[in-house]
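Novice:
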Amino acid sequence: MNARSDDPVLTVRGLEVAFETNDGTIEAVRGIDLDVHRGETVAIVGESGSGKSQSMMAAMGLLASNGRARGKAVYRGRDLVGMRERDLNRIRGDKITMIFQEPMTSLDPLYRVGRQLAEPMLHHRGLSRRAAREKAIALLDRVGIPDPQRRIDAYPHELSGGQRQRVMIAMALANDPDLLIADEPTTALDVTVQAQILTLLADLQRERGMAIVFITHDLGIVRRFASRVYVMRRGEVVESGDTRTVFEAPRHPYTRMLIDAEPAGEKAPPPADAPMALSGERVRVSFDIGGGLLKGPPVVLKAVDDVTLRLRKGQTIGVVGESGSGKSTLGRALLRLLSSEGRIVFMGRDISAADKAAMRPLRKELQLVFQDPFGSLSPRMTIGQIVTEGLLVHEPGLSGQERERRAVEALREVGLDPAMRNRYPHEFSGGQRQRIAIARAVILKPHVVVLDEPTSALDRSVQKQIVELLRDIQSRYGMAYLFISHDLAVVRAMSDYVVVMKTGRVVEEGPTGAIFERPASDYTKSLMHAAFALTDFHDEARRVAQGG
Amino acid sequence: MLGFVLRRLAGAIPTIFIVVTIAFFMIRAAPGGPFDLERPLDPLIMQNLNAAFHLDEPLWRQYLLYLGNLLQGDFGPSFTRRDFSVADLFAVGLPVSVTLGGLALSLALVVGASLGVLAALRQNKGADYAVVGIATFGITIPNFVVAPILSLLFGVWMGWLPAGGWGTPAHMVLPVVTLALPQIAIIARLTRGATIEALRSNHVRTARAYGLPTRVVVVTHTLRAAILPVVSYLGPAAAALLTGSVVVETIFGIPGIGRYFVQGALARDYTLVMGTVVVIAIFVVIFNLLVDLAYALLDPRVRYER
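The listed protein sequences derive, respectively, from chains X and V. The working numbering applies: residue 4 is where the first sequence begins, and numbers increase by one. The working numbering applies: residue 144 is where the second sequence begins, and numbers increase by one.
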C-alpha cells in the first residue's frame, strides 16, 4: 500500500457537480481536489449527502440526466469530465471499473451472470465468447464463488447478496483495471459477509496492484484498508492526508465528530427485583413456504424455533443475528402480531391465546418502532397526526386540545421542534423521521417497545443521537426494550442483556459485558470478529483524541 | 412447464362455466324472444317453433341441455339464420375476426412499442411530448367515432381505400387501423414509462459504467426489461380488441363474429350470442395463458418450476 506519488492514476482538480431540480440547483460537489496514485488505496469518507459518491459518478460520466459536472478528472493525461461518450467507453469498464452499493440490483435480473461477466471482455478486449467464458469461470473461482462451472449459468436472483457482490468484483477485475472505484460495496451486506468481501478486495489488490478508491461512511473500513483518506462534508473535502495521521490527530472538528460518532456507553441492568414485563416461553413460529394443493408436500420454514426470553421492566435485551436469523419474527411474535406456538406472558397475564379483540386494549402497552423511517410514516399525514393517531384509538376520551398538548410534549421529548407538527414526513431527514416514529410509540407511555433495527438506516453520527435518545426515554419512564439489530456496536451501547440468534434458534445469551468480552459459541465469535476487527481502531482513536 | 399449462387450463374451466352461466341467464332475462317479429306469428306456428327449439321447457332444463351440448362441442342451431348452425357461421366468421384482431394487435405492438421507446429516449423533448400527446388523444377518442371519420376521409372523399366490406388487403387497412389506434396509444405510454424506469435502474448504470456501447445498453439491458409490462398488458389488450371488433366489424360491414354478436343480441338469437360469448371467453383465457408463458420466457425470475 505504498503510494508512488510520481505515478498518478486519477487526478481530480476543482471538480464541481450540480443537479438541476424543480426546487433549483443543488450543488452536490463544490470544487474538490483529489489524487490517486498507482496501486494505492484511497478512501473518501463522509455521511450521506456529502457528495462522496457523486464526485466519482461525475468522473465516470454516470451522473443522472439532470446532473452537470465541471472541473477536471484526469486519467493518464486525459480529462474524463466532458469527454465524448465513445471515448469514455474505451476507458470505463477497461481501465477504470466500479462496484456499487446495491449488489441486489446492480446486475441485470434477466441475464445469466456469465453473460454479464463476459460482456466487458467481449467489448474491450475482443475476446471470443468461449475465451470470455473460460476467463469468467476462472474469475468466479478467484472471487470465491463455489462451483463456478455451474454458477456461471445462474441468474442473479439465484445468488445471495454476498455472492452477487463477488460477481460484481469479478466483473471489475476482468480486464485488469488500473483503478477500481468501490462505492459502499459492503453497506448492504451482513457483517460476516462484509468482512469476507473486504478481505477479498484487499487480497486482490495486493495480487494485482490496482489502485482502489473506497467510498464509504464506515471509518473502520477506512482505517483497515486505506493508506490515505479524504473526509468530505457537504460537497467539500474538509480534511485529507495519511490515514493514520488523520485518525490520530484529526484537525477538522467534523472529522473528530465522525471518529467520536461510534455509539458509546453502556446500560446498567435493571434492579434484580424488577417485575417481569414480557416473557416468551418456547416460542415457535413457522411459515409455509411451498407445496400445497397439486404442488406436493408442504414445505415449512421454522423462522423462530423454541426461543425463551424474559424481559423485565427497565431492561433492554439486544437480539443480534444476521438477516434471516428470525430476530424480527421473534419480536413480532412476542407482540402477538404473528401467530406462534409457546407461552407469551405480558405483565402477569397469559396472552398466548388472546385474539385481536382481546389484544386491542393491550396494544397501547406494546409498541413497535421499525427500521425504515421512510416507509413507516404515512406520507399523507402531518407528523402531529401521525404522533397522536394512537391516542385517538387508545384514549378516545381526550379532547383535541389535550391531544395537541400531548403531541407537543412527545415531540419535544424526542428533540423535535413542536412547531413543526403541521409538516409532512417528506420534509424531514432520516434521523428526524426516526424521532417521529419514536414519539409515536412513547406518547402512549407503553411498558414494552420492540425496536426493530431502528438505527440501521441512519448515518453513524445520527445513530449515536438516536441511541442516546432511546436510553434517555427509557431511564425516564422505565420501559422495557427489545432491541433488534445486526449492528453489534449499537447493541453493546443499548442493551444490558444480549441474545444471539441464528436460523431461528438462540445460539448464545447472557449479560452484555460477558457476551462481548467472552463469546462462547463459534458463531458469536465470528460475528464479533467481523464487526470489531474493523472497529477496534475506533476505541484507540478515541482514546488518542480524548487523551490529547 | 407442461404441468403449469395443464393446471392453468384446468383452472380456466370454472371461469368459462361461470361466464356461460351468467351469459345464459342474462340473455334470457332480456324481454322478447327469437321469434317475436314485427308482425306476430300464428300462435300455432310459434308453439311448434318453440317446441322444436326446446324453448317451451323450463329454463333450468334448457340450461342443462345447452351445457350438455356445449360439452360435446355443439353450439346448436342459429335461431334466426335457420339454414346454418352456429358452428357453420363461426367457420366463416372466426377466421375473419382472428385476422382482423391479429393484424391490429401486431400493428399496435410494433407501432406502440417503437413510439414508446422513441419517446423515452428523447424524454422531455419534442418527440416525447408529441408521442404523449398523440397517445392521450388516441386513448380518449372512441372507435365508433374514429371508424366513420376514417371511412369518410379515406373511403368516400379521397377514394383511396374501400369504405367498407372485406376481401382484399385494401379492405383491411381502415378497420385494422381503427381497431389498433387505442391500443397503439396505450402500448406507447406503457413502453415509454417502462423504458424510462429501466434506463434509471441500477443494472443499466452498471452496463454504462462498464463502457458497453449505447446499442447494447439500450437493446440488451433496457428494452427487455421495458417490454415486460407491455407483455402483461397483452392479455387485457386481446380482450379489448375482441370487444372493439364488435363495433368495428359492424361499422365497416365485416363478416366476423363480432357482427354476429350484435345481430344475434338484437334478434334474441340465443345460441348465436352464447356461442360468441363462449368463443371470446376461450380466446381470452388462452391468450392470457400465452402471455404468462411469454412473460416467463422473458423474465427468469418467474419461471414455472415443477
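Ideal Cβ placement from N, Cα and C applies to all residues, glycine included.
Following the continuous beta strand (DSSP E) through Y233 (chain X), name the residue where it begins and the one where it ends.
Specialist: For the purposes of this step, residue 233 (chain X) is identified with residue 230 of the first sequence, where counting begins at 1. First-last of the beta strand (DSSP E) with Y233 (chain X): R231 to R236.
Novice: Using CA atoms only, rank isn't needed, just tell me which of X:D263, X:E325 and X:A31 is closest to S58 (chain X).
Specialist: Position 55 of the first sequence, counted from the start, is the residue given in the question as residue 58 (chain X). Taking only the C-alpha atoms, the option nearest S58 (chain X) is X:A31.
Novice: What number of angstroms, rounded off, separates the C-alpha of L143 (chain X) from the C-alpha of F147 (chain V)?
Specialist: By 1-based counting over the first sequence, the position of residue 143 (chain X) is 140. By 1-based counting over the second sequence, the position of residue 147 (chain V) is 4. Rounded to the nearest angstrom, the two C-alpha atoms are 34 Å apart.
Novice: So, using beta-carbon positions, are V348 (chain X) and M279 (chain X) closer together than 9 Å?
Specialist: As a first step, residue 348 (chain X) must be located in the first sequence, where it is residue number 345. As a first step, residue 279 (chain X) must be located in the first sequence, where it is residue number 276. For V348 (chain X) and M279 (chain X), yes; Cβs fall inside 9 Å.
Novice: Check for me: the alpha helix (DSSP H) holding L296 (chain V) runs from which residue to which?
Specialist: Within the second sequence, the letter at position 153 stands for residue 296 (chain V). Looking at the DSSP string, L296 (chain V) is not in any alpha helix (DSSP H), and its letter there is neither H nor E.
Novice: Pairs of beta-carbons, one from the stretch 380-392 of chain V and one from the stretch 200-207 of chain V, closer than 8 Å: are there three or more?
Specialist: no
Novice: Does L440 (chain V) pass the burial test, meaning 16 or more other C-beta atoms within 10 Å, or should it be called exposed?
Specialist: Position 297 of the second sequence, counted from the start, is the residue given in the question as residue 440 (chain V). Classification for L440 (chain V): exposed.
Novice: Closer than 9 Å by beta-carbon distance: list the chain V residues that pair up with S163 (chain X), in chain order.
Specialist: The sequence position of residue 163 (chain X) within the first sequence is 160, counting from 1. Within 9 Å Cβ-Cβ: nothing; S163 (chain X) doesn't reach chain V, min ~15 Å.
Novice: Identify the residues that DSSP records as bridge partners of D38 (chain X): which are they?
Specialist: Residue mapping note: residue 38 (chain X) aligns to position 35 of the first sequence, counting from 1. As a beta-bridge residue in DSSP terms, D38 (chain X) pairs with X:T14.
Novice: Counting only the same chain and skipping the five closest in sequence on each side, list residues whose C-beta sits under 7 Å from that of Q466 (chain X).
Specialist: Within the first sequence, residue 466 (chain X) is the residue found at index 463, counting from 1. These residues qualify, in order along the chain: P266, T458 and V493.
Novice: Which of helix, strand or coil does DSSP assign to A21 (chain X)?
Specialist: Position 18 of the first sequence holds residue 21 (chain X). DSSP places A21 (chain X) in strand when its eight states are reduced to three.
Novice: Return helix, strand or coil for G317 (chain X), following the three-state DSSP convention.
Specialist: For the purposes of this step, residue 317 (chain X) is taken as the residue at position 314 of the first sequence. Reduced to three states, the DSSP call for G317 (chain X) is coil.
Novice: So if I threshold CB-CB distances at 9 Å, which residues from the stretch 348-378 of chain V count as touching chain X?
Specialist: R348, T349, A350, R351, A352, Y353, G354, L355, P356, T357, V359, T363, H364, R367, A368 and L371
Novice: Where does the unbroken alpha helix (DSSP H) through F178 (chain V) begin, and where does it stop?
Specialist: Indexing the second sequence from 1 puts residue 178 (chain V) at position 35. First-last for F178 (chain V): undefined, no H or E at that position.
Novice: Against D435 (chain V), what residues of chain X qualify as contacts under a CB-to-CB distance less than 7 Å, listed in chain order?
Specialist: As a position in the second sequence, residue 435 (chain V) is number 292, starting the count at 1. Within chain X, no residue comes near D435 (chain V); the closest Cβ sits about 17 Å away, beyond 7 Å.
Novice: Please report the distance separating the alpha-carbon of L491 (chain X) from that of V396 (chain X).
Specialist: Looking up residue 491 (chain X) in the first sequence gives position 488. Looking up residue 396 (chain X) in the first sequence gives position 393. Answer to the nearest angstrom: the Cα atoms are 36 Å apart.
Novice: Rounded to whole angstroms, what is the Cα-Cα separation between S478 (chain X) and V501 (chain X)?
Specialist: Indexing the first sequence from 1 puts residue 478 (chain X) at position 475. Indexing the first sequence from 1 puts residue 501 (chain X) at position 498. Computed Cα separation, rounded: 19 Å.
Novice: For Y158 (chain X), decide whether its Cβ has a neighbour in chain V, counting only Cβ atoms nearer than 9 Å.
Specialist: Position 155 of the first sequence, counted from the first residue, corresponds to residue 158 (chain X). Chain V, which has a Cβ nearer than 9 Å to the Cβ of Y158 (chain X), makes this yes.
Novice: Only counting the same chain, and skipping five residues up and downstream in sequence, which positions put a Cβ closer than 8 Å to that of F227 (chain V)?
Specialist: The count along the second sequence starts at 1 and reaches residue 227 (chain V) at position 84. Excluding sequence neighbours, F227 (chain V) sits near P220 and S221.
Novice: Does the separation of the CB atoms of K167 (chain X) and G147 (chain X) fall below 9 Å?
Specialist: Along the first sequence, one-based indexing puts residue 167 (chain X) at 164. Along the first sequence, one-based indexing puts residue 147 (chain X) at 144. The identity of residue 167 (chain X) in the sequence shown is Arg, whereas the question assumes Lys. Taking 9 Å as the Cβ cut-off, R167 (chain X) and G147 (chain X) do not qualify as a contacting pair.
Novice: Could you name the residues of chain X that P157 (chain V) contacts, counting a contact when the two beta carbons are closer than 9 Å?
Specialist: Stepping through the second sequence from its first residue, residue 157 (chain V) is reached at position 14. By Cβ distance, chain X contributes nothing, its closest Cβ being about 14 Å from P157 (chain V), past 9 Å.
Novice: Can you give me the C-alpha to C-alpha distance between M384 (chain X) and T108 (chain X), rounded to a whole angstrom?
Specialist: Position 381 of the first sequence, counting from 1, holds the residue named residue 384 (chain X). Position 105 of the first sequence, counting from 1, holds the residue named residue 108 (chain X). The straight-line gap from Cα to Cα measures roughly 31 Å.
Novice: Based on the DSSP secondary-structure assignment, which residues constitute the bridge partners of A483 (chain X)?
Specialist: Taking the first residue of the first sequence as position 1, residue 483 (chain X) is located at position 480. DSSP lists X:V451 as partners of A483 (chain X).
Novice: Of all the options X:P188, X:Q435, X:L162 and X:V445, which has the alpha carbon lying nearest to the alpha carbon of I172 (chain X)?
Specialist: Indexing the first sequence from 1 puts residue 172 (chain X) at position 169. The residue with the shortest Cα to Cα distance from I172 (chain X) is X:P188.
Novice: Among V:N431, V:R402, V:L433 and V:L432, whose alpha-carbon lies nearest the alpha-carbon of G418 (chain V)?
Specialist: Sequence index remark: in the second sequence, residue 418 (chain V) carries index 275 (1-based). Among V:N431, V:R402, V:L433 and V:L432, the Cα nearest to that of G418 (chain V) is on V:R402.
Novice: Taking a Cβ distance cut-off of 8 Å, strictly less, list which residues of the stretch 79-100 of chain X are near chain V, in chain order.
Specialist: E88, L91, N92, R93, I94, R95, G96, D97 and T100
Novice: Spell out whether any CB of chain X is found under 9 Å from the CB atom of N345 (chain V).
Specialist: One-based indexing of the second sequence puts residue 345 (chain V) at position 202. N345 (chain V) counts as touching chain X.
Novice: Between R236 (chain X) and the ligand SAH, is there a pair consisting of the residue's CB and a ligand heavy atom that are separated by less than 8 Å?
Specialist: With respect to the ligand SAH, the structure shown offers nothing to examine, as it has no ligands at all.
Novice: What residues are listed by DSSP as bridge partners for G27 (chain X)?
Specialist: As a first step, residue 27 (chain X) is located in the first sequence; it is residue number 24 there, counting from the start. DSSP output for G27 (chain X) lists X:T24 as bridge partner(s).
Novice: Go ahead and pull the three-state DSSP assignment for D475 (chain X).
Specialist: Here residue 475 (chain X) refers to the residue found at position 472 when the first sequence is read from its first residue. In the structure shown, D475 (chain X) sits in a helix (DSSP, three-state: H, G or I).
Novice: Give the interface partners of S109 (chain X) over in chain V, defined as CB-CB distance under 7 Å, in chain order.
Specialist: For this step, residue 109 (chain X) is matched to residue 106 along the first sequence. Under a criterion of Cβ atoms nearer than 7 Å, the residues of chain V adjacent to S109 (chain X) are, in order, N345, H346 and T349.
Novice: Per DSSP, what are the beta-bridge partners of E368 (chain X) in this structure?
Specialist: Working through the first sequence from its first residue, we reach residue 368 (chain X) at position 365. The beta-bridge partner set that DSSP reports for E368 (chain X) is empty.
Novice: In whole angstroms, what separates the C-alpha of A533 (chain X) from that of A155 (chain V)?
Specialist: Taking the first residue of the first sequence as 1, we reach residue 533 (chain X) at position 530. Taking the first residue of the second sequence as 1, we reach residue 155 (chain V) at position 12. Rounded to the nearest angstrom, the two C-alpha atoms are 53 Å apart.
Novice: So which residues of chain X does D442 (chain V) contact, with C-beta pairs closer than 8 Å?
Specialist: Translated into positions along the second sequence, residue 442 (chain V) becomes position 299. Simply P112 and L113.
Novice: Can you say whether R182 (chain V) is buried or exposed, counting buried as having 16 or more other CB atoms within 10 angstroms of its CB?
Specialist: For this step, residue 182 (chain V) is matched to residue 39 along the second sequence. The residue is exposed, with fewer than 16 neighbouring Cβ atoms inside 10 Å.
Novice: Check the Cβ of P123 (chain X) against every Cβ in chain B and list those closer than 8 Å, keeping chain order.
Specialist: Any reference to chain B falls outside this structure, whose protein chains are X and V.
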